[in-house]
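The sequence shown lines up with residues 152 to 686 when you count with the numbering used here. Built from N, CA and C at the ideal position, the CB exists for glycine as well. Heads up, the thing below is written out as structure tokens.
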Amino acid sequence: MVGDFDVVAEQHVVGQRFADRQGRIVRAQRRHTAMGQPAGTPVTSNTAGGCGPMVTAVSVMVRSAWMSAAILRQAAISGYCPTMSIECSIVVPGPRSEVFAWHARPGAFARLAPPWQPVRLLAETDSLASGRAVLGLPGGLRWVARHDPQEYRPPCRFVDAVAAEEPASMPVGRVLRWRHIHDFEDVDGTHTRVIDRVRTPIPEAVLRPMFAYRHRQLADDLRAHRRAAEHGFEPVTVAVTGASGLVGSALCAFLATGGHRVVRLVRHPARSADERRWDPADPDPDLLDGVHAVVHLAGASIAGRFTAAHRRAVRDSRIAPTRRLAEVAARAGVSTFVCASAIGYYGYDRGDTPLAEDAEQGSGFLADVVADWEAATAPAADRARTVLIRTGIVQSPRGGTLRLLRPLFTAGLGGRIGDGRQWLSWIGLDDLVDVYHRALWDATLTGPVNAVAPEPVRNADYTRTLARVLHRPAVFPVPRAAPALLLGRQGARELAAADQRVLPERLRAVGHTFRMPELEETLRHLLGRTRAPLS
152 MVGDFDVVAE
162 QHVVGQRFAD
172 RQGRIVRAQR
182 RHTAMGQPAG
192 TPVTSNTAGG
202 CGPMVTAVSV
212 MVRSAWMSAA
222 ILRQAAISGY
232 CPTMSIECSI
242 VVPGPRSEVF
252 AWHARPGAFA
262 RLAPPWQPVR
272 LLAETDSLAS
282 GRAVLGLPGG
292 LRWVARHDPQ
302 EYRPPCRFVD
312 AVAAEEPASM
322 PVGRVLRWRH
332 IHDFEDVDGT
342 HTRVIDRVRT
352 PIPEAVLRPM
362 FAYRHRQLAD
372 DLRAHRRAAE
382 HGFEPVTVAV
392 TGASGLVGSA
402 LCAFLATGGH
412 RVVRLVRHPA
422 RSADERRWDP
432 ADPDPDLLDG
442 VHAVVHLAGA
452 SIAGRFTAAH
462 RRAVRDSRIA
472 PTRRLAEVAA
482 RAGVSTFVCA
492 SAIGYYGYDR
502 GDTPLAEDAE
512 QGSGFLADVV
522 ADWEAATAPA
532 ADRARTVLIR
542 TGIVQSPRGG
552 TLRLLRPLFT
562 AGLGGRIGDG
572 RQWLSWIGLD
582 DLVDVYHRAL
592 WDATLTGPVN
602 AVAPEPVRNA
612 DYTRTLARVL
622 HRPAVFPVPR
632 AAPALLLGRQ
642 GARELAAADQ
652 RVLPERLRAV
662 GHTFRMPELE
672 ETLRHLLGRT
682 RAPLS
């Protein structure tokens with residue numbers, strides 16, 4: 152059943168048959184499902200996308216020790232694990248060759264792997280035809296995935312499976328079998344049906360949220376790249392600082408799967424062709440040769456106790472390095488310079504005042520740092536279109552506030568800060584990636600751009616929403632003085648208790664479309680609490 156090609160996601164489950172002697176395992180799986188266990192934490196990697204569902208699903212099994220023990224026990228008794236077949240499909244925008252190519256590029260795994268899963272990439276595959284990837288699971292376990300060269304038929308199919316014979320896969324690969332067929336069918340020349348067929352002992356209740364996430368990511372990413380292409384944005388070379396951070400790793404993967412060449416500016420000696428060594432204090436004059444655009448994300452984390460040393464690190468990692476990089480960009484003839492910034496520019500106590508990009512600078516340490524940080528881009532602004540991304544509170548279980556709050560709320564210990572009336576201007580990680588992408592291709596954007604969701608929420612509303620998504624109460628309010636124990640008085644005032652009602656007026660003016668403008672929808676997507684309808 153297919154509705155609007157840009158929206159529909161249809162999934163169905165087939166062939167769920169177990170032998171009678173596996174009845175005990177079936178009951179165990181059902182009890183596990185009824186418990187509503189949330190699935191894991193972060194994934195960061197850059198590799199082709201074929202292995203994503205397999206390793207993330209297995210990580211759920213490893214993390215759910217009770218269920219895994221039951222399956223391993225049954226395998227020891229019977230000699231094999233019960234398996235079932237699952238089939239899921241989605242129609243996405245783009246011709247079949249384009250959609251297949253997206254999966255084959257570096258970064259696809261990172262874009263498709265659910266952020267609530269505990270998986271690390273140890274060795275990257277370089278081919279959907281015959282590549283091999285090694286991934287790290289909790290407890291020191293490893294998973295070796297191989298692509299089947301006999302099943303590689305571009306742009307129609309590729310197949311991956313656990314390499315059970317590999318010693319590195321023991322014992323997981325011997326017990327938790329997995330075979331994943333990826334099929335691509337042309338629909339009408341401009342849309343493609345992506346069909347995932349999996350055979351595994353992992354229950355459908357565990358896999359379904361993962362495929363819902365995967366399919367939403369794929370459709371949204373393809374739509375974003377299609378929108379840019381319609382505005383004449385062709386593949387370019389983009390240099391990125393801070394590429395290993397939360398935002399940088401997501402942005403690099405997004406750009407790479409879109410066909411762009413990503414050059415990571417790193418502080419260690421370059422280890423691959425896509426890296427260049429960057430000394431923030433004295434950048435090489437040739438650092439940006441051949442680069443079309445720069446995205447500058449590097450800077451010390453602002454999280455921490457606001458000691459003199461911490462404040463100095465926050466400031467010194469931004470102002471001078473940005474100015475020097477902007478000077479190199481100007482000399483290299485870079486056409487677009489996009490620099491991270493923050494809504495801290497508006498100050499920490501603005502109350503109900505709506506804050507658009509033309510609002511005046513606020514007061515406080517962060518406001519002063521951000522103002523000087525933005526001013527440091529002046530050398531680039533003289534020669535290149537320069538965009539300043541004033542970023543709100545980024546939502547991702549891989550980092551930031553959500554990573555800190557999630558375990559507290561999961562334990563039922565979450566609650567508002569103080570009276571909860573302070574405004575929180577948030578944005579989902581993927582929507583932030585889209586803002587950076589738009590800054591690269593939209594020639595009408597220049598100067599400051601507020602990267603926040605259309606509707607900020609009050610702290611009390613945020614805590615109620617997160618608790619509802621996690622099916623937990625939020626009945627333990629945090630006294631306003633409590634954050635000062637960790638952050639110091641100034642840090643608590645400017646971070647934990649900040650009150651900023653920031654609006655994305657520049658993005659609204661250019662007709663920007665957010666993937667997930669509502670907070671609850673965003674949190675459900677990021678935490679694996681949404682499921683696409685089954686047919």
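Would you tell me roughly how many angstroms separate the C-alpha atoms of residue i and residue j, rounded to the nearest one?
i	j	result
A459	V520	14 Å
V661	R567	35 Å
L555	L448	22 Å
R466	A625	36 Å
V653	A590	19 Å
R609	A531	37 Å
H163	M667	At H163 the pLDDT is 35, less than 50, meaning the model places this residue with poor confidence and gives no usable figure here.
E275	F260	10 Å
A312	G569	51 Å
D500	S576	13 Å
P548	G399	15 Å
T664	D337	27 Å
A635	P655	30 Å
P558	A647	17 Å
R415	F627	43 Å
I544	G409	26 Å
C490	E302	44 Å
Could you tell me which of the options sits nearest to residue i, measuring between CA atoms?
i	options	result
W574	A604, A432, S468 and T664	A604
V109	L658, A401 and R652	Outside the modelled stretch of the chain, which goes from 152 to 686, sits residue 109, for which no answer is possible.
Q546	Q641, E669 and L591	E669
G571	P630, L580, E606 and L553	P630
R680	A648, L646 and R619	R619
L658	L638, V538, V270 and G639	V538
P434	A643, R475, D440 and A454	R475
R322	G291, R666 and V446	The sequence as given places Pro at residue 322; Arg does not occur at that position. Closest option to P322, Cα to Cα, is G291.
P305	T542, V250, R365 and L637	V250
T707	P420, G579 and W329	Because the chain spans 152 through 686 in this model, residue 707 falls outside it and cannot be assessed.
W592	L438, E511 and G383	G383
D582	G550, T542 and E645	T542
G450	P420, E381, F335 and G396	G396
D503	E672, F335 and D650	D650
Y364	L263, R256 and I453	L263
A632	R623, E645 and T528	E645
R252	F335, D425, A315 and S514	Before going on, a small fix: residue 252 reads as Ala here, not Arg. Minimum Cα distance to A252 is reached at F335.
G598	A507, E671, I578 and E672	A507
Hey, residue i and residue j: beta-carbon distance below 8 Å or not?
i	j	result
G258	A379	no
G535	V485	According to the sequence as given, residue 535 is Ala; it is not Gly. Contact: yes.
H736	S281	For residue 736 there is no data in the structure shown, the boundaries of the chain being 152 and 686.
S240	I346	yes
S278	W294	no
T487	A444	yes
L272	L288	no
V586	I540	yes
R325	S236	no
V389	V417	no
H333	F309	yes
R344	V242	yes
A481	D533	yes
L580	W267	no
L564	L617	no
R428	P420	yes
R456	G642	yes
T528	A477	yes
T552	R623	no
A296	A315	no
Using the beta-carbon count (16 or more within 10 Å), is residue i buried or exposed?
i	result
P505	exposed
Q368	buried
G498	buried
G187	Reliability fails at G187, whose pLDDT of 41 lies under 50, so the model's placement of it is uncertain and the value that follows must be treated cautiously. Result: exposed.
G441	exposed
C403	buried
D509	exposed
R463	exposed
R640	exposed
L439	buried
H411	buried
Give a single yes or no on whether residue i has its beta carbon closer than 7 Å to a heavy atom of the ligand NAD.
i	result
A424	The ligand NAD is not part of this structure, which contains no ligands at all.
Can you confirm whether residue i, when its beta carbon is compared against all beta carbons of chain D, has any partner nearer than 8 Å?
i	result
W592	Structure shown: chain D not included; a single protein chain is present.
Are the stretch 612 to 627 and the stretch 511 to 526 touching by the rule of at least three beta carbon pairs closer than 8 Å? Taking a cut-off of 8 Å on C-beta distances, the stretch 612 to 627 does not touch the stretch 511 to 526, as fewer than three cross pairs fall below it.
Can we say the stretch 350 to 362 touches the stretch 243 to 257, given the rule of at least three CB pairs closer than 8 Å? The answer is no - the stretch 243 to 257 does not touch the stretch 350 to 362, with fewer than three Cβ pairs under 8 Å.
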